[in-house]
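Report on the structure given below.
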Amino acid sequence: RKEVEQDPGPFNVPEGATVAFNCTYSNSASQSFFWYRQDCRKEPKLLMSVYSSGNEDGRFTAQLNRASQYISLLIRDSKLSDSATYLCVVNFNTGGFKTIFGAGTRLFVKA
Amino acid sequence: NAGVTQTPKFRVLKTGQSMTLLCAQDMNHEYMYWYRQDPGMGLRLIHYSVGEGTTAKGEVPDGYNVSRLKKQNFLLGLESAAPSQTSVYFCASSPLGNEQFFGPGTRLTVL
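Quick note, the sequences are listed as chains A and B, same order.
Everything in the first sequence is counted per my numbering, starting at 592 for the first residue and increasing by one.
Everything in the second sequence is counted per my numbering, starting at 6 for the first residue and increasing by one.
Rendered as structure tokens:
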């Protein structure tokens, strides 16, 4: 089992739709969690951190469920510019610092 | 403020050749990382550094060496390139192991 798993998609949605991505992780000692966005042939960029209480940034909402070991990203009112790959990232420190990136979920928003 | 820069942007090597990738950051970050990204596999950590003069192995360190002689620079070396090292290489930095800032990447092809 991969340490961090994401549905690769692609998710094809119309503009204005709501779309949700999940990411599961296997190490219960995981300490911090993030969502990054990566455009085609570009570097990843931080979209948002994920906090235990959940957090929102405009149209984006991130949730963490430690008991079930997953994080989620909800995008409301999708825009064409949201088309990208979304990477889930988990950091943990068990005898050494470790960062694991999920393989990413591709999103296409259509007009 | 250039952020994270990488040189070169593209490189083609023959099997057995050596090369060094340079990463530089001007944000005074302590942590620096080297990743490789292959289709369908997401980003994988090669080596990282938690401060000047320190380095540590990541998930896929074999065939690579690194050095962090100056805080702002992190070098990745390939001593004897192999076709399996064809990939996109990303460097990143972070202040304390949380949000990572990525460079634009180096596309390496080994023939």
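C-beta atoms are modelled at their ideal positions from N, C-alpha and C, and glycine is treated no differently.
Nothing here was measured: the structure is a model prediction, and the numbers come from that model.
So what's residue i in DSSP terms, helix, strand or just coil?
i, result
"SER643 of chain A", "coil"
"LEU116 of chain B", "coil"
"LEU101 of chain B", "coil"
"SER669 of chain A", "coil"
Would you say residue i lies against chain B (beta-carbon separation less than 8 Å)?
i, result
"PRO635 of chain A", "yes"
"PHE683 of chain A", "no"
"ALA608 of chain A", "no"
Using a Cβ-Cβ cut-off of 8 Å, state whether residue i counts as contacting chain A.
i, result
"ASN6 of chain B", "no"
"LEU50 of chain B", "yes"
"MET37 of chain B", "no"
"GLY45 of chain B", "yes"
"GLY110 of chain B", "yes"
"PHE15 of chain B", "no"
When DSSP builds the beta bridges, which residues end up paired with residue i?
i, result
"THR605 of chain A", "The sequence shown places Pro at residue 605 of chain A, rather than the Thr named in the question. DSSP, once it has assigned bridges, lists A:LYS701 as partnering PRO605 of chain A."
"ASP648 of chain A", "A:PHE651"
"CYS96 of chain B", "B:TRP39"
"GLU596 of chain A", "A:THR615"
"MET24 of chain B", "B:LEU83"
"VAL681 of chain A", "A:PHE624, A:ILE691"
"THR10 of chain B", "B:ALA29"
Can you name, in chain order, every residue of its own chain whose Cβ lies under 8 Å from the Cβ of residue i, other than the five neighbours on each side?
i, result
"LEU18 of chain B", "MET24, LEU83, ALA86, LEU113, THR114, VAL115, LEU116"
"LYS14 of chain B", "PRO109, GLY110, THR111, ARG112"
"VAL680 of chain A", "VAL595, PHE624, PHE625, TRP626, TYR627, THR690, ILE691, PHE692, GLY693"
"ASP598 of chain A", "PHE612, ASN613, THR696"
Can you name, in chain order, every residue of its own chain whose Cβ lies under 6 Å from the Cβ of residue i, other than the five neighbours on each side?
i, result
"ALA7 of chain B", "ASP31"
"SER72 of chain B", "LEU80"
"ALA608 of chain A", "SER669"
"ASN682 of chain A", "GLN622, SER623, THR690"
"ASN613 of chain A", "TYR661, SER663"
"TYR616 of chain A", "VAL595, GLN660, VAL681"
Which residue from the options puts its Cα closest to that of residue i?
i, options, result
"LYS701 of chain A", "A:SER672, A:THR652, A:ILE691", "A:SER672"
"ALA97 of chain B", "B:HIS34, B:GLY21, B:THR20, B:PRO44", "B:HIS34"
"ASN646 of chain A", "A:PHE692, A:CYS631, A:PHE624", "A:PHE624"
"ILE51 of chain B", "B:VAL9, B:PHE106, B:THR20, B:SER92", "B:SER92"
"VAL144 of chain B", "B:GLY58, B:LEU74, B:PRO88, B:TYR40", "Summary: the structure shown does not reach residue 144 of chain B, with chain B confined to residues 6 through 116, and so no result is reported for it."
"ASN70 of chain B", "B:ALA61, B:GLN22, B:GLN77, B:ASN78", "B:ALA61"
"LEU665 of chain A", "A:PHE602, A:THR676, A:ARG650, A:ARG657", "A:ARG650"
If I measure Cβ to Cβ from residue i and keep anything under 7 Å in the same chain, skipping five residues before and after, which residues do I get?
i, result
"ASN103 of chain B", "none"
"THR10 of chain B", "ALA29, GLY108"
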